[in-house]
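Heads up: the sequence shown runs through residues 1389 to 1678, numbered per the working numbering.
For glycine and all other residues, C-beta sits at the position ideal for the given N, C-alpha and C.
Remember, predicted model here, so these are calculated numbers, not experimental data.
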Amino acid sequence: MEQNIIYIYMNTINDKINNIFQETDTWGTVYVTKNGKSIFEKYYGYTDYKNGKKWNSSSQHRIMSGTKFFTALTIMILYDKNKLDIDETIDNYGLEEIPNSDIITIKNIMEHKSGLDDSTGYFIDWDKGRKFNKKTHIQKSHTREELFNKIKNSVPKYKPGEQNLYSNSGYYLLGYIIEYVTNKKPHLVIKKLIIDNLNLNDTTFMGLKLKNPVYPYTYNRKLGGISQLNIDHTAGSIISSVKDLSYLLDNYDKLLQKKTVKLFNNIYRNNYLYKKYKKWSYPAFKKKNK
C-alpha cells in the first residue's frame, strides 16, 4: 500500500520535474531513494556531449561542498579511534599559525562557528587573473601552501562560537588536522575510512582518472571551464555519483559508534547550512537520531 502511494506521488511530480529541466535547458539527474532502495530516477542530457554519453546513476560529478560531509565524518571516525578530541583547540593539532587557533575548537570549525574568514571560498574573488587552459579547459589548482597562507594571513570575522559563518577555510584546515593525527595525506585517509569501507566505487578525487566523468557545458553546448582543486582540498575536492552519495547517507552510521552518530548528527544540526535550510538538509539525520 505504502509503495503504491509513493509510486502515485512520484508520478504526479514527474511532469513538473520534466518541465523544470526542459524550461531551464538543464542537464543533470533526480535520484530519490527510500530505505536504501531507489524509487525514482530521472536523467537529463549529456555528461559528454561530444561523444554522446548520457547521465546515469554512476556519472561522476564534482560534489564541491558535499566534500565537507566526508571530511566531517572522517574527523568523527578519528574521534572514535581516540586520535583527536573535537573539543580541543586547533593549536593542539599543528595549526598554531592560524588566527585565534588557541580558542577555536575542531567542533567550532565543523559547525561553521570558527569565525574564520572564508578566504579560500571563491578563488576568483582574489585571483581574477588565473586563466583556464584552452586545450584542457582546466584551471590550475592553487597549492596547499598558497591556500594555507591565505588563511594564516586573514582576519577573523568574529570570535569562535558567537555566530555561524559558512567557511570553506575552516574545512580546508580540517584536512591538516587529519594529516596531523594520521601522518597521511587527507585524501588517503578519507579513501580508507569511508570510500573503501562503504565500497563507494564511483567516488574519487579531483586530479585522478575517472571512469564516467561529467563535463561542464555552457548553454550553447560548448565545453566550459573546470576549476581543478588540490586533491587534498577537504572543503571541495571529491567527485562522486548520485548512487554513491545516496548509499553514503543511508549507511554512514555504520562507520561510527552509536553514541558518536548522535553527536555527529547534532553537530550538523548546529551548523550554518542545517539552520538555514533545515527543511531540506540531511533528512537521514532525523531517522538516525531516534
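- Secondary structure note for Tyr-1432: its beta strand (DSSP E) is the uninterrupted segment 1425-1432.
- Taking a contact to require three or more Cβ pairs closer than 8 Å, the stretch 1436-1447 and the stretch 1411-1419 qualify as touching.
- A buried status is given to Tyr-1564, since no fewer than 16 other beta-carbon atoms sit within 10 Å of its beta-carbon.
- Excluding the 5 residues flanking it on each side, Ser-1629 has same chain C-beta neighbours closer than 8 Å at Ser-1445, Ser-1446, Ser-1447, Gln-1448, His-1449, Asp-1590, Thr-1591 and Asn-1600, in chain order.
- For Ser-1634, the uninterrupted alpha helix (DSSP H) segment begins and ends at 1630-1639.
- Counting along the chain, Thr-1421 sits inside the beta strand (DSSP E) bounded by residues 1416-1422.
- Distance between Leu-1472 and Asn-1406, taken at the CA atoms: about 47 Å.
- Non-local beta-carbon contacts of Leu-1643 in its own chain, meaning distances under 8 Å to residues more than five positions away in sequence, involve Leu-1461, Ile-1465, Leu-1581, Ile-1582, Asn-1585 and Leu-1586 in chain order.
- With respect to Phe-1458, Ile-1578 sits close: the two C-beta atoms are nearer than 7 Å.
- For Ser-1555, the closest alpha carbon among the candidates Gly-1624, Thr-1421, Leu-1636 and Asn-1399 is that of Gly-1624.
- Secondary structure note for Ser-1557: its alpha helix (DSSP H) is the uninterrupted segment 1556-1570.
- Rounded to the nearest whole angstrom, the CA to CA distance from Tyr-1546 to Thr-1531 is 27 Å.
- Linking Asn-1654 to Gln-1645 through their CA atoms gives a straight-line distance of about 14 Å.
- Collapsing the DSSP output to three states places Tyr-1656 in a helix.
- Along the stretch 1581-1630, the beta strand (DSSP E) occurs as fully enclosed runs of 3 or more residues at 1626-1628, listed in sequence order.
- Below 8 Å, too few C-beta pairs join the stretch 1559-1574 and the stretch 1606-1615 to call them touching: fewer than three.
- Taking a C-beta distance under 7 Å as the contact criterion, Ile-1619 and Phe-1593 qualify as a contact pair.
- No Cβ-Cβ contact shorter than 7 Å links Gly-1482 with Pro-1544.
- For Leu-1466, the enclosing alpha helix (DSSP H) covers residues 1455-1468.
- Annotation: Ile-1486 to Asn-1402 spans about 49 Å, alpha carbon to alpha carbon.
- Contact between Tyr-1559 and Ile-1539 fails: their C-beta atoms lie close to 11 Å from each other, not under 8 Å.
- In this structure, DSSP gives Lys-1441 an extended state, which the three-state scheme calls strand.
- One Cα belongs to Tyr-1434, the other to Ile-1626, and the distance between them is close to 21 Å.
- If you ignore the 5 residues before and after Glu-1476, its C-beta comes within less than 7 Å of the C-beta of Thr-1493 and Ile-1494, all in its own chain and listed in chain order.
- In the three-state scheme derived from DSSP, where H, G and I count as helix and E and B as strand, His-1575 is classed as helix.
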